[in-house]
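Chain order of the listed sequences is L, S and B. Note that numbering that gives the first Met the number 0 has the first sequence beginning at 0, numbered continuously upward. Note that numbering that gives the first Met the number 0 has the second sequence beginning at 0, numbered continuously upward. Note that numbering that gives the first Met the number 0 has the third sequence beginning at 0, numbered continuously upward. See structure below.
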Amino acid sequence: MGLLNKLNQPYEAGGIILGTFEDILNWGRARSDWYLHFGLACCAIEFMAMNASHFDFMRFGTIPRATPRQADFIMITGTVTLKMAERIKKLWEQMAEPKYCISVGSCANCGGPYWEHGYHVLKGVDRIIPVHVYVPGCPPRPEAFQDGMIKLQKMIKEEAIFRKRKKLEEETKIELSA
Amino acid sequence: MTINEIYEQLKEEYGDSIIELIENPPCDSSIIVKAESIFDICHTLRDKPGFEFDYLMCLSGLDLGENLSAVYHLYSMKHSHKVVLKTIVPKDNPKIPSVEKIWRTADWHEREAYDLIGIIFEGHHNLIRILCPYDWEGYPLRKDYKEPEYYHEMKVPY
Amino acid sequence: MGEKKRIELDYSKIESDRMRLNVGPQHPSTHGVLRLEVELDGEIVTEVVPHIGYLHRCFEKHAEKMTYPQVIPYIDRMDYVTSMNNELPYVMAIEKMLGIEVPEKVQYIRVIMCELNRIASHQIAVATFGLDAGAFTPFLYFFRDREYILAIFEKASGARLLFNYFWIGGLAADVHPTFKEDVLAIVKQVRKTNKEIEDLLIYNKIFIERTANVGILPPDVAINYACSGPVLRGSGVKFDLRKNEPYSIYDRFDFDIPVGMGEVGTVGDCWDRNIVRMREMEQSCRIIEQAIEQMPNEGDVQEKLPKKIKPPKGDIYMRAENPKGDLGFYIVSNGTDKPERVKARGTSFVNLSVLPEISKGYMFADLILILGSIDIVLGEVDR
Ligand code: SF4
């Protein structure tokens, strides 16, 4: 709260925050994610509950978008069938970079209860698009949804934008030496 | 009307087309009929006073191993009685007349039975797959069905 | 500057092509992953072709591979809004085949749970129907109440949505000690909210203008398409399995069957289907109150059963009144512990098939409303 009290004298001590440009950019990015909601099955009903009054998903700064062009991340909630899979891929390709994906529910993670005999079920959405956060559960509780969202925010906050190449180099170095 | 009375009356009218009545309490009793005459029988059952089965509850396809079978569950809103009809057709020539023109609801039920079991309903106006994709191969609910390895370059088994 | 000329249009000479439009499967207002192929003449719908199967999860295949009790969780996932009601016809069918009488207390708990779930389901139906018509507040109100109902389910079964609570011959667990008080409190709350919603939404002039005289379904067409539930009753047909063919212990309660009467428009329009749902909630409240009063406190909740459940050879068709209509299970047993075939007659599957029939000739915006008024759940359409 100390910071807010000093807003009137921005140049006094403590009124200035020092940080890298990247941090500030990421801070903003992490807190205003718009999502393309892809409700597929039972998990989507929990997601509806999540959007309603009790759990209030929007306080994370998320707004549902109906079009992939305006979305920052996609939420796959439910069973992905083979008939549906191509659509998801198409939607994912239409989204603008940087983009993220949260896979919600056992079905989207790995096929869930349908993993064995489901001849028409895609066993995990990560077979067609990259997934950044997995939320387990069948269906996950709304609290788990929120946890998944926080995980994604954390990930975005720590992402390297400008130092990307440098960071990548470091990472590969570690990998090579290890 | 009980199922015995319905059986008697149908037997009178259709003779050989009605094969037998199976009673097996506590399970449902059912009338086995010949596949070719299912349309006429259903028509009679819907329109003849006394029967008036105006509500097709369910139409299911079955795989019996050698044969395929279609099961019709009928209900009458007016008299609140039920009847179960069964037909059996060989697997290599699974053709049954469609009852879609009698009960419109049979449209989707028949498409589903075609999609999953592979029964061909003759006279259906649009007998295409309904649940599986249109280019799917095989009939998944047959006992000898093997799921494909790949579908559109997506791996199917776990 | 030349003289301004008014352009005179002779509308009779304008040629228009029919347009085919694709709605879905990813569309914010199709209630799930339904794809509609719509043919439009200007803005008038001339043809609708539903393409389903985007959520086909092979329920029937799984049922063949599982033992009888193991099928129940998959049944929950069929119509995931009304899991309790889904389980009822299945367990009743197996119990009838095995010749088991379930204890008295179980019957009452089942009825109470089913009616609570009916309320929860209708709340979602009316809420999303309101959303389709552009009303957001009822959605928030109903979901607030629904959370209280889910809390009860959670206390009893451990899950919020997919319960696996009705077992063959009984229940998974007894209800918690404060069950009766909790339920009565909810009934009070439901009645209060419904009153608010009636003022906010149902008798709102804008809502009536949008939904009355839209999507009229005549009773004979409804029967020929084998519609059931509020879709059938909205057309004025007084048919409810709980009254016409009482199963479980529904014959012990006193309740009415609300039907559509065309109060603001024609019998069988969207408004009628919706009001039937609203009034059914009140009837469910009445059933719950009577059941709570009669329910015995003591008693077992699980009948003794053999370790392996093996119904005798034969087949059975059992149906029960789901919130969306009558849900039937056709079960073929071959004498082993796995069913030979379980066919589910999905209520929404059948109800959806009437959509092309009743949406012709209306505006495109009305199509979304008509679809909302049928209240489908895609999990049950595709299974
Ligand atoms: S994970 Fe469970 S709840 Fe979610 S879609 Fe799959 S079956 Fe339904």
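Glycine included, each C-beta is placed from N, C-alpha and C at the ideal position.
- Its Cα nearest to that of Val32 (chain B), the residue B:Arg56 stands out among B:Arg56, B:Ile118 and B:Gly41.
- Taking 8 Å as the cut-off, the C-beta of Tyr157 (chain S) does not count as close to any heavy atom of ligand 1.
- With respect to the 9 Å criterion, Val47 (chain B) and His61 (chain B) are not classified as neighbours on the basis of their beta carbons.
- Under the three-state reduction of DSSP output, Glu19 (chain S) falls in the strand class.
- Closest option to Ser28 (chain S), judged by alpha-carbon separation, among S:His151, S:Ala105 and S:Val82: S:Val82.
- The count of Cβ pairs closer than 8 Å, one atom from the segment 99-115 of chain B and one from the segment 123-137 of chain B, stays below three, leaving the stretches out of contact.
- A distance criterion of 8 Å places the beta-carbon of Tyr164 (chain B) beyond contact range of ligand 1, judged by its closest non-hydrogen atom.
- Leaving aside the five residues that flank Thr66 (chain B) on each side, the residues in its chain whose CB is nearer than 6 Å to its CB run, in chain order, Asp336 and Lys337.
- Remark: C-beta atoms of Glu86 (chain B) and Asn163 (chain B) approach each other more closely than 9 Å.
- Neighbours of Phe37 (chain L) across chain B, judged by C-beta separation under 8 Å: Gln25.
- Our two residues, Arg276 (chain B) and Leu199 (chain B), have alpha carbons roughly 16 Å apart in a direct line.
- Within the same chain, and ignoring the five residues on either side of Pro72 (chain B) in sequence, the residues whose Cβ sits closer than 8 Å to its Cβ are Leu161 and Asn163.
- Take the alpha-carbon of Thr76 (chain L) and the one of Cys100 (chain L): they are about 11 Å apart.
- Lys323 (chain B) is classed as buried because its beta carbon has at least 16 other beta carbons within 10 Å across all chains shown.
- Straight-line measurement puts the Cα of Gly168 (chain B) at about 54 Å from the Cα of Arg28 (chain L).
- Residue-level contact by beta carbon fails for Tyr150 (chain S) and chain B, as no gap is shorter than 9 Å.
- Within a 10 Å sphere around the beta-carbon of Asn50 (chain L) sit 16 or more other beta-carbons, which makes this residue buried.
- Annotation: Cβ neighbours of His61 (chain B) in chain L (cutoff 9 Å, chain order): Pro112, Tyr113, Glu115, His116 and Gly117.
- For Thr66 (chain L), DSSP records no beta bridge to any residue.
- Relative to the non-hydrogen atoms of ligand 1, the Cβ of Gly345 (chain B) never comes closer than 8 Å to any of them.
- Within chain S, Trp107, His108 and Glu111 have C-beta atoms less than 9 Å from the C-beta of Phe348 (chain B), given in sequence order.
- In the three-state reduction of the DSSP assignment, Asn66 (chain S) falls in the strand class, which pools E and B.
- Thr192 (chain B) and Phe141 (chain B) do touch by the CB rule: their CB atoms are close to 7 Å apart, below 8 Å.
- Below 8 Å, enough C-beta pairs join the segment 31-46 of chain S and the segment 93-102 of chain S to call them touching: three or more.
- Ser234 (chain B) has its Cβ no nearer than 8 Å to any heavy atom of ligand 1.
- Within 8 Å of the C-beta of Thr76 (chain L) there is at least one heavy atom belonging to ligand 1.
- DSSP places Met65 (chain B) outside both helix and strand once states are collapsed to three, so it counts as coil.
- With a cut-off of 8 Å on Cβ pairs, the segment 249-265 of chain B is not in contact with the segment 73-81 of chain B, counting fewer than three such pairs.
- Think of a sphere of 8 Å around the beta carbon of Tyr74 (chain S): no beta carbon from chain L falls inside it, the nearest being about 30 Å out.
- Secondary structure note for Pro89 (chain S): its beta strand (DSSP E) is the uninterrupted segment Lys81 to Pro89.
- When the alpha-carbon of Lys359 (chain B) is set against those of B:Val37, B:Ala155, B:Leu240 and B:Tyr316, the nearest one is in B:Val37.
- Nearest C-alpha to Pro295 (chain B) among B:Ala134, B:Tyr107, B:Asp78 and B:Ile207: B:Tyr107.
- Shortest gap from the CB of Pro138 (chain L) to any heavy atom of ligand 1: under 8 Å.
- Looking at the DSSP output, Arg340 (chain B) bridges to B:Val331.
- Taken through DSSP and simplified to helix, strand or coil, Thr210 (chain B) comes out as helix.
- Pro93 (chain S) has a beta carbon lying at 9 Å or more from every beta carbon in chain B.
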